[in-house]
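Chains as they are written, first to last, in my numbering: chain S, 1 to 95; chain E, 1 to 493.
This is the structure in structure tokens:
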């Protein structure tokens with residue numbers, strides 16, 4: 001798989017990260033090296049193998065639907081870069 | 001007289017002295033602080049020395065760890081104390097709650113140090129060079145890395161700047177630095193220790209574990225931090241044994257597999273020799289050591305770098321400048337004009353914040369992980385890696401039908417020089433080649449000191465067992481340790 005500047009630029013957009021010009025060049029090169037290495041996985045025949053996304057045999061962990069207390073709003077907002085009354089504040093989205 | 005320097009003692013030695021009133025909790029904390037003030041300006045095992053040490057502040061209820069200070073990696077939430085994953089994007093973050101392991105430590109009477117240990121940003125790395133606070137150095141040789149990502153915790157314990165510490169291990173981040181620094185590092189079975197309050201890197205691989213001066217301290221700490229937690233849906237509700245009870249000096253008849261794939265080309269000859277000697281010692285002590293094959297070992301690193309980065313790219317989506325940490329309103333760069341024109345102000349804020357807040361390795365991993373999950377590549381990379389993970393796990397399942405545990409080197413080389421691998425991510429990734437499989441298969445594994453190279457750098461012996469068989473590991477590790485001098489060696493710092 002060939003990785004070029006455009007691939008990295010596109011994936012950076014999907015990841016919501018601004019990259020500097022020099023980072024785009026450097027990452028294209030380095031990620032190409034890493035992907036070449038990862039491509040060795042293609043040597044294995046995995047058609048009949050089932051995937052392991054999780055190592056433990058546990059599914060659908062549920063608890064009783066009982067209300068419990070949560071963090072107080074004031075504590076929750078303490079680390080917010082910007083807040084307004086009881087809310088996190090973000091740049092205006094709808095013009 | 002050793003008791004004049006309580007910071008050099010193990011936790012269990014100090015508990016004995018506290019019980020006999022030979023020493024006070026205040027003495028212990030003050031000696032640790034004195035040592036930090038003296039050596040940490042060079043070692044940099046702690047993230048923020050400028051946070052100021054809170055002299056003489058002893059916390060703790062009555063409990064088995066009462067009077068002992070513990071050092072905590074910067075990715076484990078400590079209420080009110082900076083927890084920043086050594087990343088600019090979490091600048092100033094003080095968690096509003098404690099991680100479950102911290103709550104358990106406090107309930108056991110431990111004093112949580114208010115300065116956290118240094119780490120690779122978000123645990124992305126094997127050298128602790130990727131920290132926004134600068135690199136930690138190896139106490140055995142200040143020109144070398146301490147390993148990573150829990151390099152701060154391992155260096156602090158090795159240099160007696162800590163009594164004991166917590167780290168986290170996603171692909172070797174407890175065991176590899178423990179090996180490089182000559183201390184004991186334990187990665188518990190996946191699900192044994194609650195991950196609640198551990199800032200997630202790769203949720204299917206992460207585990208918190210102890211970094212200590214000897215095996216007994218490791219068992220003491222495991223007794224405190226293990227156990228089911230309803231706040232972590234992957235924590236397992238199985239009774240936790242008293243691990244100190246498995247510390248018997250007897251491995252007669254223990255069946256130990258030695259994987260031939262862990263003694264490969266490119267391995268440092270001194271490390272090979274030291275590991276061979278350690279295996280011979282295990283045989284002399286009565287263990288039955290036989291060569292085994294873990295055929296898919298060579299695929300562990302590529303599988304890991306697809307899965308761990310994919311999970312990280314998803315976990316790190318939460319760092320967006322809204323709830324905590326850094327926010328950058330306007331981006332200095334706008335490379336992708338085509339995309340940026342359609343971005344609204346909120347998306348521009350996300351991109352600017354993440355571009356400025358994440359360090360280089362974090363960006364590289366998020367991009368690699370997003371690539372592996374993106375449309376058109378998901379089957380070829382992510383799904384394929386999940387399938388090969390199954391093959392790696394099956395190799396171990398097969399071996400553990402016939403063997404009680406596996407012994408192997410922790411790393412292929414001793415600690416490398418600072419800067420040596422930082423420009424070549426792939427060579428850095430390969431330093432985790434012997435530790436990653438345990439995370440992919442969810443196994444418990446320990447690294448214990450097993451020798452020193454001619455240059456005076458420590459080597460580690462790794463012991464792995466099947467899930468929830470920590471007791472076998474403790475028994476084998478304790479027997480080896482008590483019959484060898486390596487855990488008593490200390491760096492001159």
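Note that CB positions come from ideal geometry on N, CA and C, so glycine has one too. These numbers come from a predicted model, not from an experiment.
Might you give, ordered along the chain, the residues of its own chain that have their beta carbon closer than 8 Å to the beta carbon of residue i, omitting 5 neighbours on each side?
i                      : result
residue 27 of chain E  : 6
residue 237 of chain E : 228
residue 201 of chain E : 75, 122, 123, 124, 168, 170, 308, 311, 312 and 315
residue 83 of chain E  : 74, 75, 76, 77, 90, 93, 94, 95, 116 and 199
residue 328 of chain E : 321, 349, 352, 353, 355, 356 and 357
residue 285 of chain E : 251, 252, 479, 480 and 483
Which residues bound the alpha helix (DSSP H) around residue i?
i                      : result
residue 426 of chain E : 425-429
residue 181 of chain E : 175-181
residue 358 of chain E : Element bounds for residue 358 of chain E: n/a, residue is neither H nor E.
residue 27 of chain E  : 25-43
residue 399 of chain E : 384-399
residue 157 of chain E : 151-158
residue 474 of chain E : 470-482
residue 18 of chain E  : 11-19
residue 302 of chain E : 300-315
residue 441 of chain E : 436-441
residue 77 of chain S  : 73-77
residue 8 of chain S   : 5-14
Apart from the five residues just before and just after residue i, which ones in its own chain have a Cβ nearer than 6 Å to its Cβ?
i                      : result
residue 362 of chain E : 121, 122 and 124
residue 12 of chain S  : 19
residue 278 of chain E : 450 and 461
residue 469 of chain E : none
residue 397 of chain E : none
residue 73 of chain S  : 86
residue 218 of chain E : 184, 186, 210 and 212
residue 19 of chain E  : none
residue 494 of chain E : Any property of residue 494 of chain E remains undetermined from this structure, which presents chain E solely from 1 to 493.
residue 550 of chain E : The structure shown does not extend to residue 550 of chain E, since chain E spans only 1 to 493, so no value can be given for it.
residue 35 of chain E  : 7, 160 and 161
residue 240 of chain E : 226 and 227
Residue i: buried (16+ other C-beta within 10 angstroms of its C-beta) or exposed?
i                      : result
residue 358 of chain E : buried
residue 1 of chain S   : exposed
residue 230 of chain E : exposed
residue 324 of chain E : buried
residue 435 of chain E : buried
residue 129 of chain E : buried
residue 131 of chain E : buried
residue 447 of chain E : buried
residue 43 of chain S  : exposed
residue 30 of chain S  : buried
residue 264 of chain E : exposed
residue 36 of chain S  : exposed
residue 369 of chain E : buried
residue 335 of chain E : Reliability fails at residue 335 of chain E, whose pLDDT of 47 lies under 50, so the model's placement of it is uncertain and no value is given.
residue 118 of chain E : buried
Which two residues bound the contiguous beta strand (DSSP E) that contains residue i?
i                      : result
residue 459 of chain E : 458-464
residue 257 of chain E : 255-259
residue 25 of chain S  : No beta strand (DSSP E) contains residue 25 of chain S, which is instead part of the alpha helix (DSSP H) from 21-38.
residue 187 of chain E : 184-187
residue 169 of chain E : 165-169
residue 406 of chain E : 405-409
residue 445 of chain E : 445-452
Tell me, to the nearest whole angstrom, how far the beta carbon of residue i is from that of residue j; I am working on the premise that it is less than 8 Å.
i                      : j                      : result
residue 180 of chain E : residue 414 of chain E : 7 Å
residue 70 of chain E  : residue 163 of chain E : 7 Å
residue 177 of chain E : residue 267 of chain E : Contact flag wrong, Cβ pair sits at about 19 Å.
residue 115 of chain E : residue 47 of chain E  : 7 Å
residue 297 of chain E : residue 326 of chain E : The pair is not a contact, with the Cβ atoms about 40 Å apart (cut-off 8 Å).
residue 499 of chain E : residue 46 of chain S  : For chain E, the structure presents residues 1 to 493; residue 499 of chain E sits outside this window and is missing.
residue 419 of chain E : residue 189 of chain E : So it is not a contact: roughly 36 Å between Cβ atoms.
residue 43 of chain E  : residue 135 of chain E : Rounded, the Cβ-Cβ distance is 10 Å, inconsistent with contact.
residue 256 of chain E : residue 406 of chain E : 7 Å
Tell me, please, whether the CB atom of residue i is closer than 8 Å to any CB atom in chain C?
i                      : result
residue 177 of chain E : Considering every chain present, this structure includes no chain C. Its protein chains are S and E.
Looking only at its chain, what residues have a beta carbon closer than 7 Å to the beta carbon of residue i, apart from the 5 residues adjacent to it on each side?
i                      : result
residue 416 of chain E : 144 and 145
residue 206 of chain E : 168, 170, 195, 198 and 200
residue 39 of chain E  : 159, 161 and 493
residue 272 of chain E : 263
* Output the residue ranges of the beta strand (DSSP E) runs that lie fully inside the segment 189-219 of chain E and measure 3 residues or longer, sorted by chain position. => Scanning the segment 189-219 of chain E from its first residue to its last, the whole beta strand (DSSP E) runs of 3-plus residues come out as 207-212.
* Could you give the uninterrupted runs of the alpha helix (DSSP H) lying entirely in the segment 57-138 of chain E, keeping only those of 4 residues or more? -> List check, alpha helix (DSSP H) in window: 100-107.
* Quick one: complete beta strand (DSSP E) runs, 3+ long, within the segment 252-296 of chain E? -> Those beta strand (DSSP E) runs which fall completely within the segment 252-296 of chain E and span 3+ residues are 255-259 and 288-292.
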